[in-house]
Structures are given as C-alpha cells and as structure tokens.
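One structure below.
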Amino acid sequence: MSITVTSVQNNAELEIFVESATNVMKEGMFDRRGCESSALSASSESTRSPVLGLIWDKNLDTLEIDSESLEFDEREKITKRKILSLVSRVFDPHRFPCTC
2 MSITVTSVQN NAELEIFVES ATNVMKEGMF DRRGCESSAL SASSESTRSP VLGLIWDKNL
62 DTLEIDSESL EFDEREKITK RKILSLVSRV FDPHRFPCTC
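Using my numbering, read the sequence shown as starting at 2 and increasing by one per residue.
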C-alpha cells in the first residue's frame with residue numbers, strides 16, 4: 002500500500018489530484034487504498050489518522066505526537082539512554098520534526 006500526503010486548496014483540486022495519483026500509481030503497479038482529506042472528515046467515522054508516524058487531526062488539520070508512544074514506566078531508573086530514547090520518539094522514522 003502506498004500513502005501520499007499533499008495539500009490542495011479545494012475539493013476540485015482534490016478530485017484532480019486523486020485521479021492523477023491513482024493513474025500514476027496504477028502505471029507503477031502500486032496499490033492505493035482510499036483517500037483521506039480534511040474536507041471529507043465530516044462524513045468519515047474517525048477524524049484522526051496516522052500519517053508518517055504522527056497523528057493527523059483532520060478537523061483541526063494539525064499533526065500531533067502520539068502521547069501514548071511517550072509513556073514510560075516511572076518505577077524504572079532514569080538513565081541517559083532512556084531519556085534519549087524518549088526524546089527520539091518525537092521524530093518519526095523519516096526524521097520529520099514535529100513542533101508542538
């Protein structure tokens with residue numbers, strides 16, 4: 002499955018992009034399974050979607066850090082390694098920083 006993230010100004014641009022992206026992915030034999038948009042979120046069940054290791058709130062059109070991924074056992078000894086591990090979770094696997 003291939004996920005594409007982009008920004009468009011209106012629903013007409015969204016329709017053009019989805020059609021073009023679908024055609025390009027078909028030519029490359031990629032499997033595109035659906036589309037999510039902040040414009041379409043009123044009709045969808047969930048307004049939050051995982052994107053690039055972050056959470057996209059489609060109502061607010063914001064990216065958030067998944068706070069559950071930052072939890073740790075407070076009974077364990079806090080070491081430099083544990084702190085660095087926790088801080089590194091703020092960055093997704095593609096190294097895009099998230100400003101909160």
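Note that the Cβ used here is the ideal one computed from N, Cα and C, for glycine as well. Keep in mind that this is a model prediction, so the values were computed, not measured.
Buried or exposed by the 16-neighbour rule on C-beta atoms within 10 Å, applied to L61: exposed
Endpoints, the beta strand (DSSP E) within which S55 is located: Reading off the sequence shown, one finds Leu at residue 55, where the question assumed Ser. L55 to D58 is the extent of the beta strand (DSSP E) around L55.
What is the DSSP secondary structure of E65, reduced to helix, strand or coil? strand
For F73, which residues of its own chain have a beta-carbon under 8 Å away from its beta-carbon, when the five flanking residues on both sides are left out? K83 and L87
Would you mind sorting K81 into buried or exposed? The rule is 16 or more other CB atoms within 10 Å of its CB. exposed
Could you give the DSSP three-state label for S50: helix, strand or coil? strand
Inspect the beta-carbon positions of S68 and K59 and report whether they are closer than 8 Å. no
Collapsed DSSP secondary structure at S42 in the structure displayed: Low local confidence applies: a pLDDT of 49 at S42 is under 50, so the model's placement there is unreliable, with the coordinate-based value given in what follows. S42 falls in the coil class under three-state DSSP.
L53 classed as buried or exposed, judged by whether at least 16 other C-beta atoms fall within 10 angstroms: exposed
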